[in-house]
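J.:
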Amino acid sequence: MIEKLENLSVSKPAITRVFKVAVALIVAGFAGSIAVVLWALVNGAVAFGGPQFVTIDTGPLAGAIAGLIVASLLTGIGTAAAVVAWAGALLNTARLEDKSWFTALLALGLVSFGWVAMIAYVLYGPDSTRSPADVAA
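For the sequence shown, our numbering gives the first residue as 4, with consecutive numbering after it.
1) Can you tell me the Cα-Cα spacing of residue 47 and residue 31, whole angstroms?
2) With DSSP run on the structure shown, which of helix, strand or coil describes residue 58?
3) On a Cα-Cα basis, can you pick out the residue from 97, 119, 57, 67 that is closest to residue 131?
4) Residue 13 by DSSP, collapsed to three states: which one?
5) Leaving out five residues before and five after residue 85 in sequence, what residues of the same chain have Cβ atoms less than 6 Å from its Cβ?
6) Per DSSP, what kind of secondary structure is residue 139 in: helix, strand or coil?
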């Protein structure tokens, strides 16, 4: 199994593209959920006050629930893509002689700060699939 992983390589440009798509999907899902909640409140899906503290109108609420499902799916797909990008970055940096990038990506990812490490990697990280001669050219 280890031999198969040694032959596996992911380029930094591919990792960067996947990470950018992941961030875009997560932001779209978050913005969409805020927009749906605001839309539901404006259209009276949930009303606060009156004889009952909270009144729910099922008409607009059904549309809001459908919108929240779509926003949740966007966020979930974006999160999965971010994990794939992180795994690709781990594979890429594991092939380097200097293991500092690999260690930082792994440690920060395991303590839920992988997004910090991924932003740093996308901006400044090395690419094990490129030779030093390719970088200088």
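Ideal Cβ placement from N, Cα and C applies to all residues, glycine included.
Predicted, not measured: the structure shown is a model, and the values here were computed from it.
T.: In short:
1) 24 Å
2) strand
3) 97
4) coil
5) 25
6) Any reading at residue 139 must be qualified, since the residue scores a pLDDT of 46, below 50, and its modelled position is unreliable; no value is offered.
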